[in-house]
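121 is the number of the first residue of the sequence shown in this note's numbering; add one for each residue after it. Input: a single structure, listed below in structure tokens.
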Amino acid sequence: MPASPARRRMAFETVGSTNNRAMEAARAGDPGSLWVTADEQSEGRGRRGRGWSSPPGNLFASLLVIEPSPMEHLGNLPLVVAVGVRNGLAALPGLESTTIGIKWPNDVLADGAKCVGILIESERLASGANAVVIGCGVNLEHAPQGQPYAVTSLRERGANAGVEEAFVALAGGVEDALRLWDRGRGFSDIRQEWLAHARGVGEACRVNLPDRLIEGRFVELDARGRLVLEKADGSRETISAGDVFFANADGAAAPQ
Numbered sequence: 121m122p123a124s125p126a127r128r129r130m131a132f133e134t135v136g137s138t139n140n141r142a143m144e145a146a147r148a149g150d151p152g153s154l155w156v157t158a159d160e161q162s163e164g165r166g167r168r169g170r171g172w173s174s175p176p177g178n179l180f181a182s183l184l185v186i187e188p189s190p191m192e193h194l195g196n197l198p199l200v201v202a203v204g205v206r207n208g209l210a211a212l213p214g215l216e217s218t219t220i221g222i223k224w225p226n227d228v229l230a231d232g233a234k235c236v237g238i239l240i241e242s243e244r245l246a247s248g249a250n251a252v253v254i255g256c257g258v259n260l261e262h263a264p265q266g267q268p269y270a271v272t273s274l275r276e277r278g279a280n281a282g283v284e285e286a287f288v289a290l291a292g293g294v295e296d297a298l299r300l301w302d303r304g305r306g307f308s309d310i311r312q313e314w315l316a317h318a319r320g321v322g323e324a325c326r327v328n329l330p331d332r333l334i335e336g337r338f339v340e341l342d343a344r345g346r347l348v349l350e351k352a353d354g355s356r357e358t359i360s361a362g363d364v365f366f367a368n369a370d371g372a373a374a375p376q
């Protein structure tokens, strides 16, 4: 799969964080649609400030986008990116595409175990424009240990692609998904694509929120991409963000 001739990219051997470098470019006036990649990160991070293991052999890539959509549609972006990353990586040689799935909202899984971390950050620039950085850490060769959920590397699952081939696949998938989304106008198509590869719909789960833990059954994804949880008393709660643990997949690793 050849790289797009129009794809702009800054490639580094080592950086603190590809997300940070991408946001620095935005502050310096970069127009966006810029990929930043690194062989290794010294200050990789995940959601809620968690550290992210970043050894050589894995893929670290961040995409800078300026004003990706009107503000009312930005909440869709985690699902858009998950679809793009999933579709890009599922095409890698050696992988069985049907084993690559998505756990709400944007964890990409291989055989039910997490293989990609996605961190989306935004900042209002001095110009007034909204800069959004989409960061992706792919466990290509290595998977971190001691996680509260199952993790794996794509190599463990049969992938025989190198870092560069994985980047081209991931970048193409994300760019295709952003085009399909069309700044929010095509979210219904993204939602259907997300559901086609979703794991856990209809299953019992726990959702870890910043202030509490709730249990129920993941019954659907609403029209805005939010998780709809049915609780034991039959009531439903709509959730915009949280960490989801499915009993069948995460087992004892789920928080109690």
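Backbone N, C-alpha and C fix where the C-beta goes; we use that ideal spot for every residue, glycine too. For clarity, every value in this text was computed on a predicted model and none was experimentally measured.
Tell me, which residues are paired with Val348 by DSSP? Residue pairing by DSSP places Val348 opposite Glu340 and Thr358 in a beta bridge.
Tell me which residue opens and which closes the alpha helix (DSSP H) that Arg311 is part of. Where Arg311 is concerned, the enclosing alpha helix (DSSP H) stretches over Phe307 to Ala316.
Same chain only: Cβ atoms within 7 Å of Gly304, ignoring 5 sequence neighbours per side: Here the set comprises Ser189, Pro190, His193 and Asn196.
Give the DSSP-derived three-state secondary structure of Gln376 in the structure shown. Any reading at Gln376 must be qualified, since the residue scores a pLDDT of 33, below 50, and its modelled position is unreliable; no value is offered.
On the criterion of 16 or more Cβ atoms from any shown chain inside 10 Å, does Phe365 qualify as buried, or is it exposed? With 16 or more other Cβ atoms within 10 Å, it is buried.
Going by alpha carbons, who is nearest to Ser242 out of Asn226, Ile186 and Leu290? In terms of Cα proximity to Ser242, the closest of Asn226, Ile186 and Leu290 is Ile186.
List, from N- to C-terminal side, the beta strand (DSSP E) runs of 3 residues or more that fit wholly inside the segment 237–303. Along the length of the segment 237–303, whole beta strand (DSSP E) runs at least 3 residues long occupy 250–258, reported in chain order.
Should Arg311 be labelled buried (16 or more other beta-carbon atoms within 10 Å of its own) or exposed? Buried is the call here.
Let me know the secondary structure DSSP gives Gly136 once reduced to three states. Coil, per DSSP.
Would you call the segment 257–267 and the segment 230–242 in contact, with 3 or more CB pairs under 8 Å? Between the segment 257–267 and the segment 230–242, the count of Cβ pairs shorter than 8 Å is three or higher; the stretches touch.
What would DSSP say about Val203, mapped onto helix, strand or coil? Taken through DSSP and simplified to helix, strand or coil, Val203 comes out as helix.
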